[in-house]
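Since the structure comes first, as C-alpha cells, the remarks are kept for the end.
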Amino acid sequence: MIGKVLTAKGMSMSVADVISAMVASMPNDPYAVQKACGSLGGAKTHSFIDISNGVVTRIR
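Sequential numbering from 285 applies to the sequence shown in my numbering.
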C-alpha cells in the first residue's frame, strides 16, 4: 500500500500526508486508518522506508 503513495525511490512526505493518502485510497473500509498505520510499520521494519522527524522517505 505504501508503494501506491510513495511511487519513486527517494520520494518524501510527512507521516500525516502518507496516512491521509492511504486512507483516501480505501474510502469504504472501516479499518483504513489501522491498515495504513500497519503498512507504515511493516514498511519500516522491512527497510522499504525510513521515518525520521515526521518525514517518511522511500528507500527501495
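Built from N, CA and C at the ideal position, the CB exists for glycine as well. All values reported here derive from a predicted model rather than from experimental measurement.
Three CB pairs or more closer than 8 Å across the region 291-298 and the region 310-320: No contact exists between the region 291-298 and the region 310-320.
Beta-carbon proximity list for Arg344, same chain, < 8 Å, skipping 5 on both sides: The residues Lys293, Ser331, Phe332, in chain order, have a CB closer than 8 Å to that of Arg344 in the same chain once the five nearest residues on each side in sequence are set aside.
Straight-line gap, Leu346 to Thr329 (C-alpha atoms, nearest Å): The first residue shown for the chain is 285 and the last is 344, placing residue 346 beyond what the model contains.
Nearest neighbour of Val317, chosen from Ala327, Gly325, Met306 [CA to CA]: Selected option, being the one with the closest Cα: Met306.
Rounded straight-line distance, which links the Cα of Asn337 to that of Cys321: Distance between Cys321 and Asn337, taken at the CA atoms: about 16 Å.
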